[in-house]
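Only one structure is covered here, and it is reproduced in the block below.
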């Protein structure tokens, strides 16, 4: 056998040996698999259903007061009382949101019954995005209330908002609080 063929035959033999190893392990007697560690039995307890609070409510932040230097610069004028019902016309966008949330509460749409039964409370921070006409075009939870039920209710309440006044910002963070009294 020529000298140049010996290294080639040795490489082929070594390759065959390496490729046959996985099949050879199937011929060996099987080993016992290790037993998984014993787990602790599950324990559960039942607790009585929480009492529902009689009067759910929501709270929005109060509008920020005007800085004193701006208030002093303007002359104080007494305007005659408008003939229009103040409940129907909101001065600011936060008041408009409060009024619309109050209407949703009166209709039973704001605080979910299931959340009231479970006694859930919390505050969700919702990013509100409006178009030029004051319509809600997008809303998402920026900070959870800790309860999926309340987060979903906050999103639904914000998406139900109708046209907001022109002073409403295009994007704002709106805290939506759920409290039981």
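Numbering (mature numbering (1 follows the signal peptide of the UniProt record, and there is no 0)), first residue to last: -20 to -1, 1 to 161.
Glycine residues also receive a C-beta, built at the ideal position from the N, C-alpha and C atoms.
Item                                                                                                                                 : Value
Do residue 145 and residue 76 have their CB atoms nearer than 9 Å?                                                                   : yes
Check whether the Cβ atoms of residue 153 and residue 122 sit closer than 9 Å, and answer yes or no.                                 : yes
To the nearest angstrom, how far is the alpha carbon of residue 86 from that of residue 19?                                          : 51 Å
So what's residue 88 in DSSP terms, helix, strand or just coil?                                                                      : coil
Quick check on residue 112: does DSSP put it in helix, strand or coil?                                                               : coil
What would DSSP say about residue 82, mapped onto helix, strand or coil?                                                             : helix
Please determine, among 133, -2, 17 and -7, the residue with the shortest C-alpha to C-alpha distance to residue 155.                : 133
Any idea if residue 131 is buried or exposed, counting beta-carbon neighbours within 10 angstroms, 16 or more meaning buried?        : buried
Can you tell me whether DSSP reads residue -6 as helix, strand or coil?                                                              : helix
Could you check whether residue 129 and residue 119 sit closer than 9 Å to each other, using their CB atoms as the reference points? : no
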